[in-house]
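**Student:** The structure under discussion is supplied below as structure tokens; questions concerning it will follow.
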Amino acid sequence: MKANAGAAGSVQGSARREQKSLETEMIITRLYGITEGLPGLSSMEALKGLPEDNKKKRLVFNAFKPVADGRKAHERVASQLKDAILGKKFVPGQRIPSERELADTFRTSRVTVRSAILTLKNTGLLRIKKGMGGGTFVVSDMTGESVSDLLRDIIKWKDISIENVIEVRTIIEPQIAFLAAKNATADDSEAIWATIRELAGYFKIRKSFRATDENFHRALANAAKNPLLSLFQSALINVLFKFIYGMVWNEEHKTSILRWHTLIAEKVEKKDPNGAMQAMVEHLADMQSILAQCIASKTGSWINKSI
1 MKANAGAAGS VQGSARREQK SLETEMIITR LYGITEGLPG LSSMEALKGL PEDNKKKRLV
61 FNAFKPVADG RKAHERVASQ LKDAILGKKF VPGQRIPSER ELADTFRTSR VTVRSAILTL
121 KNTGLLRIKK GMGGGTFVVS DMTGESVSDL LRDIIKWKDI SIENVIEVRT IIEPQIAFLA
181 AKNATADDSE AIWATIRELA GYFKIRKSFR ATDENFHRAL ANAAKNPLLS LFQSALINVL
241 FKFIYGMVWN EEHKTSILRW HTLIAEKVEK KDPNGAMQAM VEHLADMQSI LAQCIASKTG
301 SWINKSI
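The following block contains the structure:
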């Protein structure tokens, strides 16, 4: 009798475990959309009764493919996450799922997921917030700063000279001035003039003068109404100005910069694209001469100097 009772208890225990396992599979299915191999539950049925946020989350997870641990596993995870971000499955500013959730979804280790997240953080697509309300978030905007970090790494890796950077700038900035004069609104024009007024007030403050000088070129790029051109110009300016940050500009240099900025602003305000473009060409030629003087005074030459 005892043997029979023990056998019956074992069967009941096994049945309970199977039921619990099935319930667990059902929960995973509803959360992550894993319906293959589970009888009687379609993808659409798995959505029923879920809050709207969970539905969106499930659809995102359903787009991911499992990644086996191994060489370059984190790159495959990063690639899928990147596609989801660029495809707006995760919108700017949104917190992405936790490492545990992603590891379960990709069927890989948390170490692999963590490496993938750090890869995307370093490329400027994700940011990590610590503490209360923390987590990993899609960046709200891809800024010139984040692009410039990548650009600067490429420049260092390829040992590109400051001369090459300046040459690219002389191609881009005159066209920006042309488009700014063509497309600027009254508000854009005022924003440009505001940087000039600030520049005049910061003659004695080196750090503020340079920051405001950068702001002039950014305001001009914003007025051009070409987001891609604006983004690339901002990145280029960040790289260039970090290089020249330690240089000492005298009053003559600052006066020259202010004069050219004023002339360009006047051409933009008068809707004179060709005049604005020519003024920028001359401004950059003047700046090239100033840079040569500043660098030569410290190193003897600025040609082929690396960033």
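Under my numbering, residues 1 to 307 are what the sequence shown spells out, in order. A virtual CB, placed ideally from N, CA and C, is assigned to each residue, including glycine.
According to DSSP, is residue 197 helix, strand or coil?
**Tutor:** Note: residue 197 maps to helix in three-state DSSP.
**Student:** Does DSSP put residue 76 in a helix, a strand or coil?
**Tutor:** Residue 76 falls in the helix class under three-state DSSP.
**Student:** Under DSSP, the alpha helix (DSSP H) around residue 254 begins and ends at which residues?
**Tutor:** 251 to 269 is the extent of the alpha helix (DSSP H) around residue 254.
**Student:** For residue 182, tell me which candidate among 170, 160, 226 and 147 has the shortest Cα-Cα distance.
**Tutor:** That would be 226, whose Cα lies nearest to the Cα of residue 182.
**Student:** Using only CA atoms, which one of 219, 229 and 253 lies nearest to residue 264?
**Tutor:** For the residues 219, 229 and 253, the minimum Cα distance to residue 264 belongs to 219.
**Student:** By Cβ distance, which residues of its chain are closer than 8 Å to residue 108, with the 5 residues on each side in sequence left out?
**Tutor:** Excluding residues within five positions, the ones whose Cβ falls inside 8 Å are 66, 67, 68, 69, 73 and 77.
**Student:** Helix, strand or coil: how does DSSP classify residue 129 here?
**Tutor:** Reduced to three states, the DSSP call for residue 129 is strand.
**Student:** Check whether the Cβ atoms of residue 64 and residue 106 lie closer than 8 Å to each other.
**Tutor:** For residue 64 and residue 106, yes; Cβs fall inside 8 Å.
**Student:** On the criterion of 16 or more Cβ atoms from any shown chain inside 10 Å, does residue 199 qualify as buried, or is it exposed?
**Tutor:** Residue 199 is buried by the Cβ-count criterion.
**Student:** On a Cα-Cα basis, can you pick out the residue from 290, 240, 171 and 274 that is closest to residue 255?
**Tutor:** When only C-alpha atoms are compared, the closest one is 290.
**Student:** Going by DSSP in three states, residue 232 sits in which element: helix, strand or coil?
**Tutor:** Here residue 232 sits in helix by DSSP.
**Student:** For residue 231, which option in 80, 92, 173 and 98 has the closest C-alpha, if you only look at C-alpha atoms?
**Tutor:** Residue 173 is the option with its Cα nearest to residue 231.
**Student:** Buried or exposed for residue 157, please, with buried defined as at least 16 other CB atoms from any protein chain shown within 10 angstroms of its CB.
**Tutor:** Exposed: under 16 other Cβ atoms inside 10 Å.
**Student:** Would you say residue 118 and residue 85 are within 8 Å of each other, going by their C-beta atoms?
**Tutor:** No, they are not a contact pair.
**Student:** Where do the ends of the alpha helix (DSSP H) carrying residue 64 lie?
**Tutor:** Neither: residue 64 is in no alpha helix (DSSP H) and is coded neither H nor E.
**Student:** Please list the segments of the beta strand (DSSP E) lying wholly inside the region 135 to 194, counting only runs of 3 or more residues, in order along the chain.
**Tutor:** 135 to 138, all fully within the region 135 to 194.
**Student:** Tell me whether residue 95 sits in a helix, a strand or coil according to DSSP, three-state version.
**Tutor:** Residue 95 falls in the strand class under three-state DSSP.
**Student:** Can you find the residues in the same chain that come closer than 7 Å, C-beta to C-beta, to residue 71, ignoring five residues on each side of it along the sequence?
**Tutor:** None.
**Student:** Under 7 Å Cβ to Cβ from residue 115, same chain only, skipping five residues before and after it: list those, please.
**Tutor:** Closer than 7 Å at Cβ, skipping near neighbours: 74.
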